Amino acid sequence: MSPAPAGPLLLVTRPEPQASDWVRRLQALGLRARALPLLAVGPAPDPAPLRAARQALVPGALVMFVSPNAVLQSAAAGFFDGAWPDGVRAGATGPGTVRALRDQGVAAEAIVAPAADAAAFDSEHLWQQLSREDWRGRPVWIVRGEGGRDWFADTARAAGAQVQLVQGYARGAARWTPEQQQGLADALAAPQAHCWLFSSSEGLEYLAAAAPGADWSRSRGLVTHPRIAAAAQLLGLGEVQLIGVGVEAVAQALAQGRSIQSTPNGEP
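Residues in the sequence shown are numbered consecutively from 1, following our numbering.
Laid out in structure tokens, this is it:
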């Protein structure tokens with residue numbers, strides 16, 4: 001009989017089905033993990049703008065997807081039906097979005113994303129791959145949830161692009177089962193036996209609302225970007241560690257068993 005995994009119970013807060021997928025991958029590395037989504041993601045209330053954008057794609061255009069959820073929900077609305085059009089590129093902010101695009105049949109050469117060794121996977125580092133091009137008059141669609149940051153849109157417009165924002169999905173606070181509610185209670189009661197994996201600053205806002213007045217000073221969180229670190233520190237987490245992207249980076253951070261208090265200095 002193999003020994004039970006050691007270490008803290010990692011609480012994966014990504015939306016489903018990503019949270020459960022991450023749990024399976026983490027458990028395959030011998031880690032204890034449990035899905036506790038903070039965000040729920042669903043289809044956009046009106047798929048017509050997505051379908052109109054697909055019909056309007058022309059060579060030289062860019063479709064930027066802000067997250068894997070933007071890809072998955074767009075796919076459910078039929079955005080990826082048929083072959084990906086020639087001369088159109090799909091923008092991704094990180095490796096998860098790249099994988100989602102590849103799963104929808106978009107060829108690797110049609111995808112543009114931050115460099116593999118980028119300091120962060122975000123809009124700024126995606127634009128670094130595009131900034132040397134002439135964007136005057138070229139169409140850019142940004143597929144995202146309702147609202148969100150406008151940095152990429154503003155930057156592309158300043159470069160002369162014709163930018164359109166398209167709601168590709170809806171998001172809100174996840175509705176927890178009684179078992180998941182108990183998971184939160186357990187994490188607050190025994191913070192040193194748990195570790196949080198945060199992937200969204202918005203999700204941290206929902207966590208604060210789910211546990212008003214909670215003491216987070218003995219809790220530990222792993223984050224992949226300074227913006228999320230800032231939100232975790234605002235919530236009051238005593239330990240916030242800035243790590244790389246992917247399950248291997250999580251495993252390495254837990255194996256090291258050390259915390260790095262990050263200094264927030266930007267947003268994705």
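Beta carbons: idealized from backbone N, C-alpha and C, even for Gly.
The structure displayed is predicted, hence computed values, not measured ones.
- Below 8 Å, enough C-beta pairs join the stretch 64–83 and the stretch 133–143 to call them touching: three or more.
- Separation of the CB atoms of glycine 82 and glycine 60 is rounded to 19 Å, and the pair is thereby denied contact status at 8 Å.
- Under the DSSP assignment, proline 37 falls outside any alpha helix (DSSP H); it carries neither an H nor an E label.
- Following the DSSP letters along the chain, one finds glycine 91 inside the beta strand (DSSP E) bounded by residues 89–92.
- Among the bridge pairs identified by DSSP, arginine 171 is matched with Val41.
- The secondary-structure analysis by DSSP pairs arginine 144 across a beta bridge with Gln167.
- Between the stretch 109–122 and the stretch 91–99, the count of Cβ pairs shorter than 8 Å is three or higher; the stretches touch.
- Residue pairing by DSSP puts valine 112 in a beta bridge opposite Gly91.
- In this structure, leucine 50 sits away from alanine 174, with a CB-CB distance that is not shorter than 7 Å.
- Spanning the alpha carbons of asparagine 69 and proline 43 requires a straight line of approximately 9 Å.
- For alanine 249, the CB contacts under 6 Å within the same chain, skipping 5 residues up- and downstream, are Ile243 in chain order.
- Phenylalanine 121 carries a coil assignment under DSSP once its states are collapsed to helix, strand and coil.
- Of all alpha-carbon atoms in Arg99, Ala156, Val106, the one lying nearest the alpha-carbon of tryptophan 127 is that of Ala156.
- The three-state reading of DSSP puts tryptophan 151 in helix, counting H, G and I together.
- The three-state reading of DSSP puts glutamate 248 in helix, counting H, G and I together.
- With fewer than 16 neighbouring CB atoms inside 10 Å of its own CB, alanine 56 falls in the exposed class.
- A Cβ-Cβ distance of about 31 Å is found for the pair alanine 19 and glutamine 164, leaving them out of contact under the 8 Å criterion.
- A distance below 6 Å between beta-carbons, with the five flanking residues on each side excluded, links leucine 26 to the following residues of its chain, in chain order: Ala33, Val247.
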